[in-house]
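Taking our numbering, the leading residue of the sequence shown gets 117, the next gets one more, and so forth. Structure first, commentary second.
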Amino acid sequence: MAEQLQQLILDTLNSQHVIEDTRNLVLPGQAVAASTSEDQITILGALNSLLSRDMIQYETHEVVTHAPTAEGAQILKEGSHEARVWSVLPPKGHGTPMTPVQLKKEIGDETAKVGQGRAFKNGWIGKEGDGLVKTVSEIKDVTQLDIQEVANTGTLKAGEKVLADLRKRKLIVQKKGQWFTVRKGPQFSTSTAKPETDLTVDMLTSGSWKTASYKKYNFEAEGIPTAGGALHPLLKVREEIRNIFLEMGFAEMPTSSFVESGFWCFDALFVPQQHPARDLQDTFYLSDPKESLPPNPEYYKRVSTIHEFGGYGSAGYRAPWSPEESSKLLLRTHTTASSAHMLYKLAAKCRGESLEDDSKEFTHGTSTAEASGKTDDGFRPAKLFSIDRVFRNETMDATHLAEFHQVEGVVADRNLTLADLIGFMRVFFQKMGIEKVRFKPAYNPYTEPSLEIFAFHPMLDRWVEVGNSGMFRPEMLEPMGFPKDVRVHGWGLSLERPTMIRYGINNIRTLVGHKTSIEAIENSPAVMF
117 MAEQLQQLIL
127 DTLNSQHVIE
137 DTRNLVLPGQ
147 AVAASTSEDQ
157 ITILGALNSL
167 LSRDMIQYET
177 HEVVTHAPTA
187 EGAQILKEGS
197 HEARVWSVLP
207 PKGHGTPMTP
217 VQLKKEIGDE
227 TAKVGQGRAF
237 KNGWIGKEGD
247 GLVKTVSEIK
257 DVTQLDIQEV
267 ANTGTLKAGE
277 KVLADLRKRK
287 LIVQKKGQWF
297 TVRKGPQFST
307 STAKPETDLT
317 VDMLTSGSWK
327 TASYKKYNFE
337 AEGIPTAGGA
347 LHPLLKVREE
357 IRNIFLEMGF
367 AEMPTSSFVE
377 SGFWCFDALF
387 VPQQHPARDL
397 QDTFYLSDPK
407 ESLPPNPEYY
417 KRVSTIHEFG
427 GYGSAGYRAP
437 WSPEESSKLL
447 LRTHTTASSA
457 HMLYKLAAKC
467 RGESLEDDSK
477 EFTHGTSTAE
487 ASGKTDDGFR
497 PAKLFSIDRV
507 FRNETMDATH
517 LAEFHQVEGV
527 VADRNLTLAD
537 LIGFMRVFFQ
547 KMGIEKVRFK
557 PAYNPYTEPS
567 LEIFAFHPML
577 DRWVEVGNSG
587 MFRPEMLEPM
597 GFPKDVRVHG
607 WGLSLERPTM
617 IRYGINNIRT
627 LVGHKTSIEA
637 IENSPAVMF
């Protein structure tokens with residue numbers, strides 16, 4: 117299959133000189149054009165093989181499409197919720213009106229609940245006494261037609277507003293794909309045969325050496341000089357930032373847990389279970405094993421309760437809680453999951469439990485209650501930081517990778533204010549050599565208030581976003597067991613962005629990946645913020 121596909125690409129280039137769109141190729145053994153994402157992945161493997169031999173060159177184009185979800189596929193077969201509600205009701209003035217209870221028994225609770233409201237809104241049904249009846253003789257099931265159009269074309273002529281509504285109802289899902297434009301390379305040939313690099317016994321025995329094509333050797337070339345090791349620019353910048361944290365009295369958190377549960381990565385941080393970050397197109401979920409071990413039952417109950425019903429002065433999200441969503445295993449999307457683990461351990465003594473051994477080294481100073489002679493409630497101030505890898509389901513381009521590093525810090529103490537956070541961030545960035553800093557209000561599910569951090573970039577002559585920060589919400593801290601007067605500052609920034617600015621790199625794929633220049637790494641200067 118791979119060789120056949122490579123030959124197809126070369127033959128098509130030979131006749132057409134350029135392949136404008138690989139979605140128009142017909143793969144070997146298929147009768148239709150290669151239109152699916154899976155087809156393009158297969159083509160990409162063949163393109164990379166030919167590219168490695170300089171036989172072709174190609175450009176990547178990104179495309180965003182949509183496809184029906186399982187619920188959307190059900191609507192294609194059976195009609196929308198509102199259409200199913202309308203279909204079972206008697207016409208107005210004919211027959212006995214159907215009560216809401218009878219309606220639920222007829223088509224199911226969920227279908228009746230969703231469809232009834234939308235059918236009323238569309239003017240398809242109405243009340244007659246204590247029951248429901250049809251108010252129109254015919255309907256046009258627009259929802260089913262829209263999903264059918266999405267299934268056929270991947271998009272919708274009605275526009276983004278309708279698409280957004282279907283996504284919100286979880287009837288369709290957004291998918292990211294790519295296709296390619298292919299041109300001839302400097303070593304273009306219609307033959308996929310690789311030149312021989314060695315003369316073997318079998319070739320001498322069979323006589324095939326007489327007609328074989330051989331790779332040329334340059335016998336006058338000098339040998340490759342022995343090279344010593346060199347630190348990658350990311351490691352140099354990482355060490356500089358790490359030294360700044362240590363100089364300011366921070367302790368480094370353990371962050372070796374690349375795999376986290378949905379509970380620690382999202383739920384414990386008060387991120388709603390309906391948040392877009394939890395969708396498949398943004399997060400990598402594990403297929404084996406799929407589920408994590410359960411957390412502490414009492415803490416789990418407090419977290420699920422505040423999400424679903426509220427508490428600690430909060431109304432919560434008032435949305436159904438899903439244990440399955442909470443137990444999913446995933447590649448962590450931020451190191452804040454590790455911060456949540458550490459804060460939960462730091463709150464152990466406040467909950468009346470013994471402080472775990474691996475948390476003692478992260479506490480600093482004496483509690484306010486103890487210093488004032490009052491009964492000690494177990495809280496100790498702490499300053500923690502981490503620099504480690506996180507994973508996002510991103511389409512790779514000049515500024516995004518599916519794997520990158522996050523620099524994170526937290527400060528826990530009593531009665532901290534937003535002014536303390538702003539003052540601290542100014543000192544932190546000043547130590548990094550960034551004098552001009554601005555703050556902009558923002559929204560994060562687990563911090564309130566939240567601030568985006570901007571710094572003036574003299575080379576670009578403009579302000580650029582360098583990080584995000586805020587004060588962790590009581591809905592996150594109080595279920596852990598912290599006293600009400602304890603506040604926690606949190607902030608984060610990427611490691612790759614300051615590294616690219618420092619070394620004048622404009623494409624992240626030349627910093628990390630197969631395009632990275634070994635010579636550039638060896639010659640990169642030490643970082644001095």
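Beta carbons: idealized from backbone N, C-alpha and C, even for Gly.
Exposed or buried, residue i, counting other C-beta atoms within 10 Å across all chains shown (16 or more means buried)?
i, result
"Thr-152", "exposed"
"Arg-200", "buried"
"His-450", "buried"
"Thr-533", "exposed"
"Val-527", "buried"
"Ala-487", "Confidence at Ala-487 is low in this model, with a pLDDT of 48, below 50, so the placement of that residue is unreliable and no value is reported for it."
"Phe-386", "buried"
"Asp-383", "buried"
"Lys-631", "exposed"
"Ser-585", "buried"
"Ser-253", "exposed"
"Leu-402", "exposed"
"Asp-246", "exposed"
"Ala-642", "exposed"
"Asn-140", "exposed"
"Pro-349", "buried"
"Val-331", "One point to set straight first is that residue 331 is Lys, not Val, in the sequence displayed. Exposed, because fewer than 16 other Cβ atoms sit within 10 Å of the Cβ of Lys-331."
"Pro-614", "buried"
"Phe-335", "exposed"
"Ala-186", "exposed"
"Leu-362", "exposed"
"Ser-324", "exposed"
"Val-543", "exposed"
"Val-142", "exposed"
"Ala-235", "buried"
Output yes or no for whether 7 Å exceeds the beta carbon distance between residue i and residue j.
i, j, result
"Ser-408", "Ser-377", "yes"
"Ala-337", "Glu-312", "no"
"Val-249", "Lys-208", "yes"
"Ala-162", "Gln-122", "yes"
"Ala-346", "Glu-638", "yes"
"Ala-498", "Gly-597", "no"
"Pro-599", "Asp-529", "no"
"Lys-522", "Gly-608", "A small fix is needed here, since residue 522 is Gln in this sequence, not Lys. In contact: Gln-522 and Gly-608 (Cβ atoms closer than 7 Å)."
"Arg-448", "Cys-381", "yes"
"Val-602", "Phe-495", "yes"
"Thr-176", "Phe-296", "yes"
"Val-375", "Leu-445", "yes"
"Phe-520", "Ser-610", "yes"
"Tyr-562", "Met-592", "yes"
"Thr-306", "Asn-130", "yes"
"Thr-371", "Ser-502", "yes"
I'd like the list of long-range same chain contacts for residue i, defined as Cβ closer than 7 Å, with 5 residues on each side in sequence excluded.
i, result
"Gly-293", "Ser-153, Gln-156, Val-179, Thr-181"
"Gly-489", "Any reading at Gly-489 needs caution, since the residue's pLDDT is 45, under 50, leaving its predicted position unreliable; the model's value is listed next. Excluding positions up to five away in sequence, the list is empty."
"Thr-484", "Low per-residue confidence applies at Thr-484: pLDDT is 49, beneath 50, and the placement is therefore not dependable, though the value from the model is reported in the following sentence. Answer for Thr-484: Arg-530, listed in chain order."
"Ile-634", "none"
"Lys-286", "Thr-185, Glu-187"
"Gln-390", "Ala-435"
Starting from the C-beta of residue i, find all residues in its chain whose C-beta is less than 6 Å away, skip the five residues before and the five after it, and write them out in chain order.
i, result
"Thr-259", "Ser-196"
"Pro-184", "Ile-263, Ala-267, Ile-288"
"Ala-571", "Ile-550, Val-553, Val-582"
"Glu-265", "Leu-272"
"His-133", "none"
"Thr-227", "His-197, Arg-200"
"Glu-594", "Tyr-428"
"Pro-388", "Tyr-433"
Name, in chain order, the residues that DSSP records as bridge partners for residue i.
i, result
"Lys-444", "Glu-407"
"Gly-597", "DSSP, once it has assigned bridges, lists no residue as partnering Gly-597."
"Val-179", "Gly-293"
"Gly-525", "Phe-501, Trp-607"
"Val-134", "Arg-299"
"Pro-184", "Ile-288"
Among the residues of its own chain, which have a CB less than 8 Å from the CB of residue i, if the five just before and after it don't count?
i, result
"Glu-424", "Gly-432, Tyr-433, Arg-434, Ala-435, Pro-436, Trp-437"
"Ala-118", "Gly-161, Ala-162, Ser-165"
"Thr-251", "Lys-208, Gly-239, Trp-240, Ile-241, Gly-242"
message = Report the start-end ranges of each alpha helix (DSSP H) in the segment 208-281 that is 4 residues or longer and not cut off at the edges.
response = Within the segment 208-281, the runs of alpha helix (DSSP H) at least 4 residues long that lie entirely inside it are, in chain order, 216-223, 225-238, 258-269.
inquiry  = I'd like the ranges of any beta strand (DSSP E) spanning at least 3 consecutive residues and lying wholly in the segment 339-387.
reply    = Counting only runs of at least 3 residues, the segment 339-387 fully encloses the following beta strand (DSSP E) elements, listed from N- to C-terminal order: 375-377.
task = Could you name each continuous alpha helix (DSSP H) segment of 4 residues or more that falls completely within the segment 554-624, going from the start of the chain to the end?
result = For the segment 554-624, whole alpha helix (DSSP H) runs of length 4 or above, ordered along the chain, are 590-593, 612-619.
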